[in-house]
Structure formats: C-alpha cells, structure tokens
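Read the structure below first, then the notes.
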Amino acid sequence: MSAAADVTKLRETFGEKIWETLEFRGEQTVRVELGSLHDILAKCRNDLAYEMILDISSLDHFGDDPRFEMVYEIATLDDSKHLRIKAKVGEDEKVPSVTDLWAGADWHEREVWDMMGIPFSGHPNLKRILMWEGYPYFPLRKDFPLAGRPTDMPDVAFTGVAPLEGGPFVTSAGGEDVARREPRAQVVK
Amino acid sequence: MVSPSPSTLHTAYDSKIEGNVIITRVDAAINWMRKNSLWPMPMGLACCAIELMATASSRFDISRFGMEVMRFSPRQADVLIVSGTVTYKMALAVKRVWDQMPEPKWCIAMGACASSGGMYRSYAVLQGIDKLIPVDVYISGCPPRPEALIEGLMKLQTKIEGEHSTMDQKRTFIDEIA
Numbered sequence: 001m002s003a004a005a006d007v008t009k010l011r012e013t014f015g016e017k018i019w020e021t022l023e024f025r026g027e028q029t030v031r032v033e034l035g036s037l038h039d040i041l042a043k044c045r046n047d048l049a050y051e052m053i054l055d056i057s058s059l060d061h062f063g064d065d066p067r068f069e070m071v072y073e074i075a076t077l078d079d080s081k082h083l084r085i086k087a088k089v090g091e092d093e094k095v096p097s098v099t100d101l102w103a104g105a106d107w108h109e110r111e112v113w114d115m116m117g118i119p120f121s122g123h124p125n126l127k128r129i130l131m132w133e134g135y136p137y138f139p140l141r142k143d144f145p146l147a148g149r150p151t152d153m154p155d156v157a158f159t160g161v162a163p164l165e166g167g168p169f170v171t172s173a174g175g176e177d178v179a180r181r182e183p184r185a186q187v188v189k
Numbered sequence: 190m191v192s193p194s195p196s197t198l199h200t201a202y203d204s205k206i207e208g209n210v211i212i213t214r215v216d217a218a219i220n221w222m223r224k225n226s227l228w229p230m231p232m233g234l235a236c237c238a239i240e241l242m243a244t245a246s247s248r249f250d251i252s253r254f255g256m257e258v259m260r261f262s263p264r265q266a267d268v269l270i271v272s273g274t275v276t277y278k279m280a281l282a283v284k285r286v287w288d289q290m291p292e293p294k295w296c297i298a299m300g301a302c303a304s305s306g307g308m309y310r311s312y313a314v315l316q317g318i319d320k321l322i323p324v325d326v327y328i329s330g331c332p333p334r335p336e337a338l339i340e341g342l343m344k345l346q347t348k349i350e351g352e353h354s355t356m357d358q359k360r361t362f363i364d365e366i367a
C-alpha cells in the first residue's frame, strides 16, 4: 500500500478531523485537528505500519492565530512510505506527546519545547535539551531577536547580545520578496 | 657528565668545568626552559580541533618545538588552546578549566570562533573567549591550518622569551622590604 492510499484511509476513518491533504512531488501531507492528532498518529503507527519517527519540528506563524504548527515526519522501516502530518497549535494549548507511540519522539519533543516553547502533555521528561534549565527565552520564536538577549544564571551560564552591525545575517521582516527581506540576495550594482 | 666517585672528589678548582658554564640572567634561563616545553591543554570544541590534532601528529609534528605533551588535565598544562566555537553553555566550563591551570599559563584563541564568535552572530555563542579569560595569541582562519597554529605557538614562544617574571618579583620584593 502506498502513502496516498494511507491518506485515503485516514480520510475515511477520521472524516472532518482531517482538514486538508496535499500531494507535492509525491510527498503526502495531511493537516489535522490538534484534538485528534494523537489518535491519527496512533493509527499510522499501529495500523498503517509507520514504525519510524523521522523528525518532529515546529513552525512559528507569528501574527497568525493559532500561532504555532507541529510537523511530524513518519516513515515505514523499509523506507517505502513517507507521511507528513501537521497540526496547528495555539499559544496556550498543549500538544499530546507521542512518546508512547515512538520512543524516539522523546528528544524531538524536548527540542521543540526548548526552542519554540510548545508544551507537551504526557511527556515523561519534558525539560530543555540544548539550552540550560532556567534559560528564560525560546530562541526560535519569531519575536526573539537573532542577536539574543542578555541573561545571567550564576555558576550555570550567561548570555549576551551578539553584535550584528546590520551584517549579512540580518533579514528584515515584511519585505515583498526575498531580495528585499534578505540583504545578501540583493543584486550588486 | 658522569659524576665522579666519592674517592676522587676534590675541592680544588676544576678547570674542566669552565666549558660547561653559561652566564645569563635568571629570567632568560627560566624563559628558555618555559618556552621550550609548553604543555598544551587542548580545548577542542569544533572543527578547529581537527586541525589541532593534525598539528600534533606526524606530518606537522609540534614535538619539533617541544610542545607535543598534550595534557588532558588542566593541572598539568600551561597553555590553553581554545580551538572551536565557545557556546554560552560551554563558556563557564572553559573558564573553569582555565582557573584550574597552574601559573604561569597562557591562552591561545585558535580560529575565528574562539577569537570573536566567528560566523556565529547568535544568541547561543560567546563572542570571543577573551570576554572570559585573557588571551595571549589570536590565530585567524576558519579553521586555521596547522602551519598557522604552529606560527601562533611560535609567537607565544617569542612572547614568553620577553617576560620578566623574576625581575618583577625582585622589584616587588625590594619595594616591600624598603
């Protein structure tokens, strides 16, 4: 059975809980409701043989409501099928942990919590994975400056503000196209 | 020199010893000993550490300069080579290693990241190890080639040659007893 057939099967089982299905160059993406996310992933794991979690990541649609979006990349062990499942998450919502389905989800979810600040319910050990416990910000959020913010935890770690000097790494939000958002992309006259 | 047996030991002036005597300043003698047996503490944090390893191995061979005794205990080392990106999470650990090294000690910031944060203008990276510990030699490059590291170490040797540690100690001592 192909991933496309699995998507049809998910549609039959979950009906309106599946918001949207997309196919792009053979990649199947399913956008689902957050409330049914765990049930849908459990079906993929248990009935459709997606034994492997490749990645869990998150997006920050700053300014939109709901603000965040979870992205799950799952695959079968023989690598014959890939499926991407997305669910929108509001700022005060919790995402059900999938560590009960895939043990490998543990660290991915910790990274999402650490970098984006999306909390998970039912995670066995939800603490920061890259930054230290007590660091007050979530650095991958769009409203966090690239240069960082000063913090200090005595005997643990401190952070400062990196000098960017309007340098090549600075992008300005809101430009119409990439050339305007990204100074490096501008044509040299 | 073979030491004479007690029976032949005499207290008279031995003209043979003259050729074995060097007259110099204490500082110069100490500096000469220090600079020719630098024991580096490798603080390998990123790709610079790979070049550091190459420097120590046969092709580049820093034992030609008396620096091959890499010590992984800071208590036995006297030059800290910070090779790589110092993240804020690692920063205080590097400081702690530095604090554990006995005096006299020197520090080399190897590569762009250790010197200034390099390309990581970011919330996560310390913008130069000199914000935490004093640096004697900065080596440019991303990563620097082993030749560059060797030149940096030789620059450090030149620096050590010009130090006045006992002279300064003597001056402080004389000031104190005056």
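Each protein sequence line maps, in turn, to chains D and X.
Taking this note's numbering, I'd label the letters of the first sequence as residues 1 to 189.
Taking this note's numbering, I'd label the letters of the second sequence as residues 190 to 367.
For glycine and all other residues, C-beta sits at the position ideal for the given N, C-alpha and C.
Limits of the unbroken beta strand (DSSP E) element including residue i
i              : result
residue 222(X) : Note, residue 222(X): premise wrong, no beta strand (DSSP E); alpha helix (DSSP H) at 215–224.
residue 152(D) : 151–153
residue 75(D)  : 68–75
residue 322(X) : From DSSP, residue 322(X) is part of no beta strand (DSSP E); its letter is neither H nor E.
residue 272(X) : 268–272
residue 157(D) : 157–159
Proximity test, Cβ basis, 9 Å: residue i and chain D
i              : result
residue 298(X) : no
residue 330(X) : no
residue 277(X) : yes
residue 342(X) : no
residue 327(X) : no
residue 301(X) : no
residue 316(X) : yes
residue 348(X) : no
residue 294(X) : no
residue 224(X) : no
residue 359(X) : no
Where residue i sits in the DSSP three-state scheme
i              : result
residue 84(D)  : strand
residue 55(D)  : strand
residue 345(X) : helix
residue 316(X) : coil
residue 277(X) : helix
residue 22(D)  : strand
residue 231(X) : strand
residue 95(D)  : strand
residue 39(D)  : helix
residue 311(X) : coil
residue 339(X) : helix
residue 363(X) : helix
residue 177(D) : coil
residue 254(X) : helix
residue 210(X) : coil
residue 44(D)  : helix
Distance, residue j Cα to residue i Cα
i              : j              : result
residue 60(D)  : residue 143(D) : 9 Å
residue 288(X) : residue 137(D) : 30 Å
residue 207(X) : residue 219(X) : 22 Å
residue 295(X) : residue 305(X) : 18 Å
residue 234(X) : residue 125(D) : 28 Å
residue 145(D) : residue 123(D) : 29 Å
residue 244(X) : residue 349(X) : 21 Å
residue 177(D) : residue 63(D)  : 19 Å
residue 277(X) : residue 213(X) : 46 Å
residue 108(D) : residue 141(D) : 17 Å
residue 4(D)   : residue 28(D)  : 7 Å
residue 155(D) : residue 281(X) : 7 Å
residue 49(D)  : residue 335(X) : 51 Å
residue 316(X) : residue 310(X) : 8 Å
residue 159(D) : residue 13(D)  : 49 Å
Contacts of residue i in chain D (Cβ-Cβ under 9 Å)
i              : result
residue 235(X) : Within 9 Å Cβ-Cβ: nothing; residue 235(X) doesn't reach chain D, min ~16 Å.
residue 281(X) : 155, 156, 157, 158
residue 306(X) : 162, 163
Min CB distance residue i to chain X below 9 Å
i              : result
residue 132(D) : yes
residue 112(D) : no
residue 141(D) : no
residue 136(D) : no
residue 25(D)  : no
residue 149(D) : yes
Opening and closing residue of the alpha helix (DSSP H) in which residue i lies
i              : result
residue 28(D)  : Taken as a continuous stretch (DSSP letters only), residue 28(D) belongs to no alpha helix (DSSP H), being part of the beta strand (DSSP E) at 27–32.
residue 300(X) : 300–305
residue 243(X) : 237–245
residue 10(D)  : 3–14
residue 113(D) : 105–116
Chain X residues whose Cβ lies nearer than 7 Å to that of residue i
i              : result
residue 159(D) : 277, 312
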